[in-house]
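As given, the protein sequences belong to chains Y and W, one line each in that order.
Per the working numbering, the very first residue in the first sequence carries number 182; after that it's consecutive.
Per the working numbering, the very first residue in the second sequence carries number 182; after that it's consecutive.
There are 2 protein chains.
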Amino acid sequence: MRRTDRLFEIIQLFRGGRLLLGRDIAARLEVSLRTIYRDIETLVASGVPIEGERGVGYILRAPIFLPPLTLTHVELEALHLGMQIVRGSKDADLAEAATQLLLKIDAVLPDTSRVTNHLTGLSVYGFADSGPLIFLGAIRHAISTRMTLSIAYTRLDGTETSRTIRPLHVEYWGNAWTCTAWCNTRDDFRVFRIDRISDCKETGDIFSLTAGKTYADYLDGLPPIPEPAHG
Amino acid sequence: MRRTDRLFEIIQLFRGGRLLLGRDIAARLEVSLRTIYRDIETLVASGVPIEGERGVGYILRAPIFLPPLTLTHVELEALHLGMQIVRGSKDADLAEAATQLLLKIDAVLPDTSRVTNHLTGLSVYGFADSGPLIFLGAIRHAISTRMTLSIAYTRLDGTETSRTIRPLHVEYWGNAWTCTAWCNTRDDFRVFRIDRISDCKETGDIFSLTAGKTYADYLDGLPPIPEPAHG
DNA sequence: TTTCAACTGACAGATTCATGTCAGTTGGGT
DNA sequence: ACCCAACTGACATGAATCTGTCAGTTGAAA
């Protein structure tokens, strides 16, 4: 096995945020521990955020590895525009991540390719996602961890209701965010505007994706489906 | 010089979209022509879009080289969201670039990191940039090449006017695009809503960034400046 | 048909690289 | 004080890579 391949392999071993011991990596890849130390040194030197602690082991901070890419100028512009828009979003996690991503990319580009040089003068002021979206991040988190939520919701007519839901999907409509969920209270699918959710708590229950209650099932039940991101 | 460094150097030589001969690259890097052929083969094999034509030379299609990066899941999500939003934009160039970028990234991620796996259920329908923005691409192009434009503009009160402008900057306001320009007709800075531009032609004149007529000068002349992309 | 420059294959020598072994040090935790 | 596992340095050996040279082929354009 070539060294390059082994370096790649090592990154793969960290999937799932695992803590690894040098000794175990060495055994797994059938090389000596010394070689692993050298490999890790190489990886860190090329910017892979592996962190080691004496007496503990290694972890990889950012688990998605992007190999070298080449971009056109327009692609870099699109990337920059998109990240600026997301930075302006009300979802604090996403906004922060967008900032970090821009910084990473900028740090890595030579002066001559620096984002700002290729921006043909373009600024983004104030994202369009309106209203209080303080729960957007929590909901996205709940979707990925399948946490049942208990929400208070203000209907369009102003009346309040509280529901227990299994959040399935989030949609962005250009100026509003919605959450499609299985509503335990109504025993059917429901779509909620996130800016009208006035309270949101995790119940502690973890739901499983039961047949008939998934987002795919919801889509199946709809007549004609709008094409995402084409208009 | 290590080979890896030379490979990197070769990419740098292509800056500015230059057409290069293998012989010249060889001379510049003080290696044999055969070695350059081998280097180019290696680069192409690792995905760098260098194209060679017999009897002509080499060009690099996508001139921005992004070294390996590691991303967190949220960063990948932010990237995906941003690109989906840009894909929905009315600027055909940017939208297409965003699509290409998404495809590039998806092609390069291992199955386990594939964008769709990390999207905690998120769709983008219909970008908020409203109205006819058919000239957005043309204006961005004119900004980068410093082409003077002749535009027909419909004021908010409905009256028509035609102007000769030096486009300087484009701003995105969440639901509308504007272009800040030096207006030759009025001999002052003016801001135009791009969806209200009913015609747009290049005059053929290339302007230079004269002191007092740059975007920086425009910003200097403004009282308090809104912070870009923070809300 | 000639020219140009990209391309390909083979081969041998040089040199760099990678690796294991050994013998340490360091910092945190128990 | 002891253990653990990350770290570091040195060195020799062997493997892999890299390179130039030479002798071609190919496709396009003049």
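Just so it is clear, CB atoms sit at the ideal spot from N, CA and C, and this is done for glycine as well.
*Of all Cβ atoms in chain W, is any one closer than 7 angstroms to the Cβ of Y:Met328?*
no
*Are the C-beta of W:Asn298 and some C-beta of chain Y separated by less than 7 angstroms?*
For W:Asn298, the predicted structure reports a pLDDT of 47, less than 50, and the residue's modelled location is therefore unreliable. A value from the coordinates is still provided. Output row for W:Asn298: interface = no.
*Contact list for the segment 268-285 of chain W against chain Y, Cβ threshold 7 angstroms*: For the segment 268-285 of chain W, which is checked against every Cβ of chain Y, the residues closer than 7 angstroms are Arg268, Gly269, Asp274, Leu275, Ala278, Ala279, Gln281, Leu282, Lys285.
*Is the beta carbon of W:Arg367 less than 7 angstroms from the beta carbon of W:Thr335?*
Taking the C-beta atoms as reference points, W:Thr335 is found no nearer than 7 angstroms to W:Arg367.
*So, is Y:His299 buried or exposed, given that buried needs 16 or more other C-beta atoms within 10 angstroms?*
For Y:His299, the predicted model reports a pLDDT of 47, less than 50, meaning its position is unreliable; a value from the coordinates is still stated below. Looking at its Cβ environment, which holds 16 or more other Cβ atoms inside 10 Å, Y:His299 is buried.
*Inspect the beta-carbon positions of Y:Ile375 and Y:Trp354 and report whether they are closer than 7 angstroms.*
no
*Report all residues from its chain with a CB closer than 8 angstroms to the CB of Y:Ile191; omit the five preceding and five following residues, and keep chain order.*
The residues are Ile206, Leu210, Ile217, Asp220, Ile221, Leu224.
_Would you say W:Ile231 lies against chain Y (beta-carbon separation less than 7 angstroms)?_
no
*Kindly say whether W:Thr253, judged by its beta-carbon, lies nearer than 7 angstroms to any beta-carbon of chain Y.*
yes
_Simplified DSSP state of W:Met182, which is helix, strand or coil_ = coil
*asked:* Looking only at its chain, what residues have a beta carbon closer than 8 angstroms to the beta carbon of W:Ile240, apart from the 5 residues adjacent to it on each side?
replied: So the list reads Phe195, Gly198, Arg199, Leu200, Leu201, Ile231, Glu232, once near-sequence residues are dropped.
*Work out the CA separation of Y:Thr395 and W:Thr185 for me, nearest whole Å.*
The straight-line gap from Cα to Cα measures roughly 49 angstroms.
*State the start and end residues of the unbroken alpha helix (DSSP H) segment that holds Y:Thr253.*
Careful: Y:Thr253 lies outside any alpha helix (DSSP H) and carries neither H nor E.
*In terms of residue numbering, what span does the beta strand (DSSP E) encompassing Y:Leu330 cover?*
328-335
*Near W:Phe388, what residues of its chain come up, given a Cβ to Cβ distance below 7 angstroms and the 5 sequence neighbours on each side ignored?*
Arg327, Thr329, Arg347
*Hey, does Y:Ile266 have any beta-carbon neighbour from chain W nearer than 7 angstroms?*
yes
_Neighbour flag for Y:Gly197 against chain W, beta carbons, 7 angstroms_ = no
_Excluding the 5 residues flanking W:Cys381 on each side, which residues of the same chain have their C-beta closer than 8 angstroms to its C-beta?_
Phe316, Ala319, Ile320, Leu330, Ser331, Ile332, Ala333
*chain Y contacts made by the segment 391-403 of chain W, where a contact means CB separation under 7 angstroms*: Tyr396
_Please report the distance separating the alpha-carbon of Y:Val289 from that of W:Pro248._
7 angstroms
*Are the beta-carbon atoms of W:Ala259 and Y:Val351 separated by less than 7 angstroms?*
no
_Can you tell me where the beta strand (DSSP E) holding W:Ala276 begins and where it ends?_
Residue range 273-289 is occupied by the alpha helix (DSSP H) that includes W:Ala276, with no beta strand (DSSP E) assigned at that position.
*Step through the CB atoms of chain W and report whether any lies within less than 7 angstroms of the CB of Y:Phe246.*
yes
*C-beta atoms of W:Thr391 and W:Asn365 nearer than 7 angstroms*: no
*asked:* Contact defined as beta carbons within less than 8 angstroms: I believe W:Ala279 pairs with Y:Gly263. What is the distance between those atoms, to the nearest angstrom?
replied: 6 angstroms
*asked:* Counting C-beta neighbours from all protein chains within 10 Å, is the total for W:Thr340 16 or more, i.e. buried, or is it exposed?
replied: exposed
*Distance between Y:His261 and Y:Glu383 (C-alpha atoms, nearest Å)*: If you take the alpha carbons of Y:Glu383 and Y:His261, they lie about 35 angstroms apart.
_Cβ-based burial, Y:Thr342 [other Cβ within 10 Å; buried from 16]_ = exposed
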